[in-house]
Amino acid sequence: MNFKKGLAEVLYQALEGELASQNIEQLIEKPKNQDHGDLAFPCFSLAKLKRKAPNLIAQELSEKIQSPTFEKVEVVGAYLNVFLNKKLVAEHIINSIITEKGKYGAHDFGQGGNVTIDMSSPNIAKPFSMGHLRSTVIGNAIALIVEKCGYKPIKINHLGDWGTQFGKLISAYKRWGDVEKVKANPIKELLALYIKFHAEAETNPALEDEGRGWFKKLEDGDQEAHSLWQWFRDESLKEFSRIYQLMNVEFDSYAGEAFYNDKMDRVVQLLEEKQLLVESDQAQVVELTEEELPPCLIKKSDGATLYATRDLAAAIYRKENYDFAQSLYVVGHEQSLHFKQLIAVLNKAGFEWADKMVHIPFGMMLKDGKKMSTRKGKVVLLEEVLNESITMARYNIEEKNPNLADKDGVAKQVGVGAVIFHDLKNNRMNDIEFSLEEMLRFEGETGPYVQYTFARASSILRKAGWKAESAPASVYQTTWENEWKVISMLMDFSSAIKRACENYDPSQVAKYIVDLAQVFNKYYAEVKVLEQSEEQSARLALVYSVTVVLKEGLRLLGIEAPEEM
Ligand code: ARG
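Residues in the sequence shown are numbered consecutively from 495, following the numbering used here.
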C-alpha cells in the first residue's frame, strides 16, 4: 500500500478524470511542518482547468474525498492538507518492513526491462581518474536503483582499449620498456613510457611515424603488436580490478572499444546506404546541420575509425544483444557533445530506439577549487585515495572503539563508504570538493554518520535481545508523537527511490537516508527505548524498521552497513 498513490487515486475519482492520476501523484507534497498534515495537494494548477479560484477548488475537493486511510482533511488557502490515519499507517508500514525486509520500498514499473549502463570505462595504460571514479560510483548506484524499480541492469565497462595511442605505446615499449617493471607497476610504467614517447618525439619526429606504423600493424592483426596490446590490457585490468574489488563493483561486460573492431564496417556501410556519409577534408562525416551540431566524424582520411564510430557500433550491438528498454551512459559532462552527436546520427539513420539512449553527465572533482588532474605530476591515484580513507577510518576506530572485533573489515566498509557517499550526496551535476576529513566526519551529511546511526540502532536491538518474531501484531499507541515522525519518514522511502530512478539521481536516496538518520537520532535522544515499558516491544519494532531501511538505502548506493563500528 502506497499512501501517496492512495490519495492520488481518491483525488482522481473526485476530479472525475480531469487530471491524470500520475500527474496528481506528482503534485502531492509532503508539508515541511507536520502540523499541516502528512500529505498536501496544491490546487493551483487546477485553477486554469476548472476556471475557478484554487482555494474554492480545495474546499470542494475536501468535501468530496473520503478514505479510511485519512484521519481528517483540512483546507489552508489553496492547499488540501491530509492527515493520515496514524494507527493504520504505522501498522501497515512496520508490518511491511518486518515481512518484506530488504524488499521494502521496491517498485515494479521497470517490468523486467533491460537497462544497459555504460559506466566506469577507464582507458588502458592510463591512470584511473576521478572522473572514472565518479562514473563507477554513480553508475553502480543507478544500477542498484533501477533494479529496485523492477528493471534488469546490465553494467558495461566500455574500456578505452583501442586507438592510435596503442601504436605509440608499443613503439615506446619496444625501445625502452622492461617486462619486470611493467609487471610490478603496470599503469605507472606504461604511463611513463607514453610520456617519454611524447617527449622524445618532439626532437625526433620520426617516432610519430613509427607509432603510426605500429598501430597499423595492430589493426592489421600483426601477432607481435597484438600480443603486446593484449598484455598491456590484461595488466591494466588487473590493476583496475583491485579498485573495483575495494569498491565491491562488478561488471556484466568488459566489451571495450576494441570489441567493436569487426563491427564497424557494418556501421559505415549502413550510413552509406542511408546516404548519410559525406566527404569533408578527405574524411567521412555525417552532417548534423539541422540538429545544430557539428558534423560527426566517422572515418579519417587514412581510413581509421574513431571513438564515435565505435560508439555507434556499440549502441547498435547493445540494442541487438540486450534489446534494452533504456541505454544509459554515465560519462562526464565534457562528453555531452559527443553523446548528442551519437544520438542524432542514430536518429537520422532511422533507429527509433535512439530516444531510449540517455547520457547521464556529472560534474568534476575539485581539489582546492581546481580540477583534479591526472596529467603533469598532479596524478591522484585513486587506489591511494581509497586506501588513505580506509587508513583514516581505521585510526578513528582505534580511537573511538578499540575493542571492536573486525577492525580492518569495518575500516574498509567505512573508508570506502565515506568516499562513495561524498560523491553521491549532491546532485551529480555539482562539482565536488575533495576532502577526506569532510568525508569521514561522524556528524553531518556523511556516509559514516548514516553507518554509525545504523550500527547504533542495531546495538539497541542486540542489547534488548529483540527478534522479529517477537514484534507485537499491533504497535501503534495514541501517545506516539515522536514515533510518528519516524514512521512518516519510513513511509517516504519508496518515493525517494522512484525519484532517484526517474531522474537518474542517487542523491535522492542519499538525502533520504541522512534525513531518516537525523529523525531517528532525535527520536532516540528523546525517548528511552531501552527502558522497560509496555511500549518497549513496539518501539523496538520501530527501531528494527529503521535499521532495515538505513541498510537498504546504503545498499542502493553501493555502501555496506557494519553492525558495529
Ligand atoms: N574511455 C572514455 C574516457 O575515459 C570514456 C568512455 C565512455 N563510454 C562511451 N561509450 N563512450 O573518456
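The beta carbon of each residue, even a glycine, is placed where N, CA and C say it ideally should be. This one's a predicted model, so the numbers in the text were calculated from it and none came from an experiment.
Taking a 10 Å sphere around the C-beta of Gln1002, we find 16 or more other C-beta atoms and assign the residue as buried. In the DSSP assignment, Val780 is bridged to Leu771, Cys790. With a cut-off of 7 Å, the C-beta of Pro621 is classified as distant from the ligand ARG, since no heavy atom of the ligand falls inside that distance. Checking the DSSP bridge columns, you'll see Tyr811 has no partner listed. Assignment of beta strand (DSSP E) within the segment 795–860, counting only whole runs of 3 or more residues, yields 820–824, 851–854 in chain order. In this structure, Asp999 sits near Asn921, with a CB-CB distance shorter than 8 Å. A direct Cα-Cα distance of roughly 12 Å separates Asp986 from Val1040. When DSSP reads this structure, Val576 sits in a beta bridge with Leu533, Val567. Annotation: the continuous alpha helix (DSSP H) that includes Pro680 extends over 680–697. Shortest gap from the CB of Asp900 to any heavy atom of the ligand ARG: 7 Å or more. Pairwise C-beta distances place the segment 898–913 out of contact with the segment 641–655, as fewer than three of them are shorter than 8 Å. Membership of Asn890 in the alpha helix (DSSP H) is indicated by the continuous run 876–894. A straight-line Cα-Cα distance of about 53 Å links Ala695 and Gly606. Around Ala965, the same chain offers Ile592, Ala1035 as residues with beta carbons nearer than 6 Å, after the five sequence neighbours per side are excluded. In the same chain as Tyr748, and ignoring 5 residues on each side of it, the C-beta atoms closer than 7 Å to its own belong to Asn651, Leu653, in chain order. In this structure, Val879 has its beta carbon at no less than 7 Å from each heavy atom of the ligand ARG.
Secondary structure of Asn549 (DSSP, three-state): helix. Look at Pro616: its beta carbon is less than 7 Å from one of the heavy atoms in the ligand ARG. Under DSSP, Ile954 shares a beta bridge with no residue.
Taking all protein chains in view, the Cβ of Leu840 is crowded by 16 or more other Cβ atoms within 10 Å, so the residue is classified as buried. With a cutoff of 7 Å, His720 does not count as near the ligand ARG, since its C-beta is closer than that to no heavy atom of the ligand.
Residue burial is scored here from C-beta neighbours: Gln739 has fewer than 16 other C-beta atoms within 10 angstroms and is therefore classed as exposed. In the three-state DSSP reduction, Glu523 falls in the strand class (E or B). Below 8 Å, too few C-beta pairs join the segment 831–846 and the segment 655–667 to call them touching: fewer than three.
Of the heavy atoms belonging to the ligand ARG, none sits nearer than 7 Å to the Cβ of Gly707. Residues Glu512, Leu513 of the same chain have their beta carbon placed closer than 8 Å to that of Leu543, with the five preceding and five following residues left out of the count. Separation of Asp716 and Tyr943 (C-alpha to C-alpha, rounded to the nearest whole angstrom) is 55 Å.
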